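Q: Please see the structure below; I have some questions.
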Amino acid sequence: MNRGFDFSDEGLYVLLADPNQQNLGGIFNYDFFFKLIHLATGLEFGIVGLRALRLLGYFLAAFGLVVFWKNIYPTQKLTIPVFILSLAGLFAGYGFLPPSLSYNSISVVAACLWLAIVSKKEIKSFDWVLLSLVFLSLFYSKITVCLTLGLLTFTYFFLKKSYTILKALLFISPFLIFEWLFYILFQENALTRMIGEYGFLQQREDYGLALLLKYTAVGGFWTLLAGILFFVAAKVKKLDYKFYSYVLILALISVILVFYFTFITSGWSHIVLLITFAGICWQLGQSNRKDFNTQELFFIAVLLLIPFLLHFGSNVYWMRLGIHYWVFWLLAFAMLIHKKPHLYQNSSYTFASFTSLVLVTFGIWITPYEGSYLWDATEKWEYKPGKFVYLSLPQNEFLSMLDSEIQKSNPSKIISVYRNPGLLYMLGDNPLYSPGYWKPSQAKMFLKTGSELDMILFNELEDFPFEPSDWAVQKQLIQPKGEKLLILWRK
Numbered sequence: 013m014n015r016g017f018d019f020s021d022e023g024l025y026v027l028l029a030d031p032n033q034q035n036l037g038g039i040f041n042y043d044f045f046f047k048l049i050h051l052a053t054g055l056e057f058g059i060v061g062l063r064a065l066r067l068l069g070y071f072l073a074a075f076g077l078v079v080f081w082k083n084i085y086p087t088q089k090l091t092i093p094v095f096i097l098s099l100a101g102l103f104a105g106y107g108f109l110p111p112s113l114s115y116n117s118i119s120v121v122a123a124c125l126w127l128a129i130v131s132k133k134e135i136k137s138f139d140w141v142l143l144s145l146v147f148l149s150l151f152y153s154k155i156t157v158c159l160t161l162g163l164l165t166f167t168y169f170f171l172k173k174s175y176t177i178l179k180a181l182l183f184i185s186p187f188l189i190f191e192w193l194f195y196i197l198f199q200e201n202a203l204t205r206m207i208g209e210y211g212f213l214q215q216r217e218d219y220g221l222a223l224l225l226k227y228t229a230v231g232g233f234w235t236l237l238a239g240i241l242f243f244v245a246a247k248v249k250k251l252d253y254k255f256y257s258y259v260l261i262l263a264l265i266s267v268i269l270v271f272y273f274t275f276i277t278s279g280w281s282h283i284v285l286l287i288t289f290a291g292i293c294w295q296l297g298q299s300n301r302k303d304f305n306t307q308e309l310f311f312i313a314v315l316l317l318i319p320f321l322l323h324f325g326s327n328v329y330w331m332r333l334g335i336h337y338w339v340f341w342l343l344a345f346a347m348l349i350h351k352k353p354h355l356y357q358n359s360s361y362t363f364a365s366f367t368s369l370v371l372v373t374f375g376i377w378i379t380p381y382e383g384s385y386l387w388d389a390t391e392k393w394e395y396k397p398g399k400f401v402y403l404s405l406p407q408n409e410f411l412s413m414l415d416s417e418i419q420k421s422n423p424s425k426i427i428s429v430y431r432n433p434g435l436l437y438m439l440g441d442n443p444l445y446s447p448g449y450w451k452p453s454q455a456k457m458f459l460k461t462g463s464e465l466d467m468i469l470f471n472e473l474e475d476f477p478f479e480p481s482d483w484a485v486q487k488q489l490i491q492p493k494g495e496k497l498l499i500l501w502r503k
């Protein structure tokens with residue numbers, strides 16, 4: 013819990029929870045809640061606190077999925093196995109990206125609670141308030157998911173004819189209350205950030221609608237390609253055709269080829285998604301329509317769709333991020349086999365739990381996102397008064413050298429570019445205007461010519477955003493992963 017730290021993405025996560033951090037034009041606006049908590053109680057969440065919050069959130073999500081299961085199968089008593097299966101699927105999310113609370117983990121927890129509510133036979137007034145709070149968390153953490161899941165929810169209740177004026181008021185009230193509260197306390201809210209001068213879509217060209225659709229659609233295409241032949245093979249076997257074995261061999265080859273063609277980074281967790289989807293397609297091919305009632309079929313379809321809805325809005329390819337959503341396909345598979353012999357079900361649950369353990373072991377210990385083995389994180393580093401974390405020796409030495417160079421100049425205004433906001437956080441500082449600078453367009457939009465800055469930490473991953481002749485190299489350092497970091501001082 014208190015070992016290791018990623019200067020890139022995890023740096024963004026912790027700065028979003030820092031009550032002193034500006035977030036102009038942010039699309040990830042859950043920082044308002046951390047600012048509100050700090051204002052009311054003085055409590056500030058650090059690295060360990062955010063990791064604990066994510067873990068607690070996953071337990072809450074697993075409980076929500078148990079409620080969902082009981083709503084679908086009220087006569088079954090498989091609550092403990094379903095809870096363990098849900099935790100296994102959720103913990104698999106530790107296989108990619110840092111372990112701190114993030115907008116991705118918040119959206120997963122929210123979706124699990126959403127399933128628990130909408131699967132109820134009768135939605136009461138209190139349930140509408142809870143549903144509103146779920147969408148409130150999505151609105152402030154990942155607005156695109158709020159919109160896509162909201163559209164699905166509206167369609168579902170419209171078809172059920174469950175809408176009334178009172179329910180609509182109960183649903184929108186928390187949004188209005190919190191937006192008003194945040195504006196009164198902080199002179200801004202999520203709406204002003206999104207439509208203001210520094211709107212997020214104006215900063216980041218990699219968040220254009222066409223690209224976001226592409227990131228998700230490409231994942232859907234490859235996944236479908238890996239699973240469709242298993243559906244065909246199951247149908248062929250069911251019809252007792254002699255060429256079944258050939259179709260099955262082709263199906264196995266298709267999974268291997270899809271994994272090979274999509275293995276474009278060091279991450280391999282998407283093979284778990286491909287195998288799971290292949291298993292789902294196999295079960296669908298073996299099943300009959302009469303094996304499931306309408307409610308079961310609807311929620312199986314929803315569980316298959318949710319990962320793509322949750323991913324929409326991410327500028328990372330679905331195959332890389334998809335392991336965060338594995339739990340929903342596990343539940344879909346569990347629904348498809350719930351009438352199978354207990355031995356078959358238990359074997360499937362055990363295999364899923366073991367797979368999750370392997371993913372967690374690699375994602376946390378062996379190949380964590382920061383790039384060094386977790387057991388090498390033995391050097392204590394205090395990043396804020398009373399808050400510390402253990403880092404690897406190269407990380408510790410690098411931060412010490414960086415801190416020494418910064419203290420020589422004692423800058424009043426500083427930023428770090430690109431994709432390395434954790435550097436300033438670990439030195440007890442905050443970047444100006446935004447928790448993280450990923451693209452030159454962000455720096456240019458917020459800082460214009462950069463005239464108000466004293467110092468820039470520049471890693472050369474993108475073009476320098478300002479006039480180079482205005483800046484001098486004070487020092488060049490080598491980061492733990494081997495990249496250069498230039499410490500630039502205004503002339």
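Remember, my numbering sits 12 above the position in the sequence shown when you count from 1. Just so you know, even glycine gets a beta-carbon here, dropped at the ideal spot from N, CA and C. Just so it is clear, the structure is predicted and the values come from calculations on it, not from any experiment.
Would you say the segment 286-306 touches the segment 114-127, given that touching needs at least three Cβ pairs under 8 Å?
A: The answer is no - the segment 114-127 does not touch the segment 286-306, with fewer than three Cβ pairs under 8 Å.
Q: Can you give, in chain order, each stretch of the beta strand (DSSP E) that sits fully within the segment 320-379 and has at least 3 residues?
A: Listed in chain order, nothing qualifies, since the segment 320-379 has no complete beta strand (DSSP E) run of 3 or more residues.
Q: Between glutamine 298 and phenylalanine 242, what straight-line distance do the alpha-carbon atoms span, to the nearest angstrom?
A: Answer to the nearest angstrom: the Cα atoms are 10 Å apart.
Q: Which residues in the same chain have their Cβ closer than 7 Å to the Cβ of glycine 440, if we skip the five residues on either side of it in sequence?
A: The answer, listed in chain order, is Tyr395 and Lys396.
Q: Along the chain, where does the beta strand (DSSP E) that runs through leucine 55 open and close?
A: Premise fails: leucine 55 is in no beta strand (DSSP E) and is neither H nor E.
Q: Could you name the residues of the same chain whose beta carbon sits closer than 6 Å to that of arginine 63, not counting the 5 residues immediately before and after it, in chain order?
A: Counting only Cβ-Cβ distances below 6 Å, and skipping sequence neighbours, we find Met13, Pro111 and Ser112.
Q: Just mark glutamine 488 as buried or exposed, buried being the case when its beta carbon has 16 or more other beta carbons within 10 Å.
A: It counts as exposed.
Q: Suppose you measure from the CA of alanine 346 to the CA of lysine 425; what does that come to, to the nearest Å?
A: If you take the alpha carbons of alanine 346 and lysine 425, they lie about 54 Å apart.
Q: For the beta strand (DSSP E) containing phenylalanine 40, list its first residue and its last residue.
A: Careful: phenylalanine 40 lies outside any beta strand (DSSP E) and carries neither H nor E.
Q: Please go through the segment 72-130 and give each complete alpha helix (DSSP H) segment of 4 or more residues, from N-terminal end onward.
A: Listed in chain order, they are 91-103 and 115-130.
Q: Tell me whether glutamine 199 sits in a helix, a strand or coil according to DSSP, three-state version.
A: In this structure, glutamine 199 counts as coil in the three-state DSSP scheme.
Q: Decide if asparagine 327 is buried, meaning its Cβ has at least 16 other Cβ atoms within 10 Å, or exposed.
A: When all chains shown are included, asparagine 327 counts as exposed.
Q: Since tryptophan 387 is in the alpha helix (DSSP H), which residue starts that stretch and which ends it?
A: Counting along the chain, tryptophan 387 falls outside any alpha helix (DSSP H), and DSSP gives it neither H nor E.
Q: I want to know whether the segment 463-472 touches the segment 414-434 - three or more CB-CB distances under 8 Å.
A: Yes: at least three Cβ pairs fall under 8 Å.
Q: Quick one: residues in its chain with C-beta nearer than 7 Å to the C-beta of glycine 375, no 5 flanking neighbours on either side, listed in chain order?
A: These residues qualify, in order along the chain: Tyr106, Gly107 and Phe108.
Q: By Cβ distance below 6 Å, which residues in the same chain neighbour leucine 143 in space, the five residues on each side in sequence not counted?
A: Excluding sequence neighbours, leucine 143 sits near Ile129.
Q: Go through the segment 154-190 residue by residue and report every complete run of the alpha helix (DSSP H) that reaches 4 residues or more, in order.
A: Runs of the alpha helix (DSSP H) inside the segment 154-190: 155-172.
Q: In this structure, what does DSSP give as the bridge partners for phenylalanine 17?
A: Per DSSP, none; premise fails for phenylalanine 17.
Q: Does leucine 444 come out as helix, strand or coil in the three-state DSSP assignment?
A: Three-state result, leucine 444: coil.
Q: Quick one: what's got a C-beta closer than 8 Å to threonine 288's C-beta in the same chain, skipping five residues either side?
A: Same-chain partners within the cutoff: Trp338, Trp341, Leu342 and Phe345.
Q: Have a look at Ser368, Val248 and Leu36 and flag the residue whose alpha-carbon is nearest the alpha-carbon of tyrosine 449.
A: The shortest C-alpha separation from tyrosine 449 is found at Leu36.
Q: Out of curiosity, what's the CA-to-CA distance linking valine 485 and leucine 405?
A: Rounded to the nearest angstrom, the two C-alpha atoms are 26 Å apart.
Q: For glutamine 88, does the count of other Cβ atoms within 10 angstroms reach 16, so buried, or fall short, so exposed?
A: Result: exposed.
Q: Does the Cβ of arginine 301 have 16 or more other Cβ atoms within 10 Å, making it buried, or fewer, making it exposed?
A: Burial call: exposed.
Q: Out of Phe476, Phe470 and Asp482, point me to the one whose CA is closest to glutamate 495's CA.
A: The shortest C-alpha separation from glutamate 495 is found at Phe470.
Q: I want to know whether the segment 303-315 touches the segment 250-259 - three or more CB-CB distances under 8 Å.
A: Touching, no, given that fewer than three Cβ pairs across the two stretches are closer than 8 Å.
Q: When burial is assigned at 16 or more other CB atoms within 10 Å of the CB, is glutamine 33 buried or exposed?
A: Label assigned to glutamine 33: buried.
Q: Identify, in the order they occur along the chain, each residue of the same chain with its Cβ nearer than 6 Å to the Cβ of tryptophan 81, setting aside the five sequence neighbours on each side.
A: Result list for tryptophan 81: Val94, in chain order.
Q: Measure from the alpha carbon of threonine 235 to the alpha carbon of each residue in Tyr25, Met206 and Ile283, then state which is nearest.
A: Among Tyr25, Met206 and Ile283, the Cα nearest to that of threonine 235 belongs to Ile283.
Q: Which value, in whole angstroms, describes the spacing of the CA atoms of lysine 179 and serine 137?
A: Answer to the nearest angstrom: the Cα atoms are 7 Å apart.
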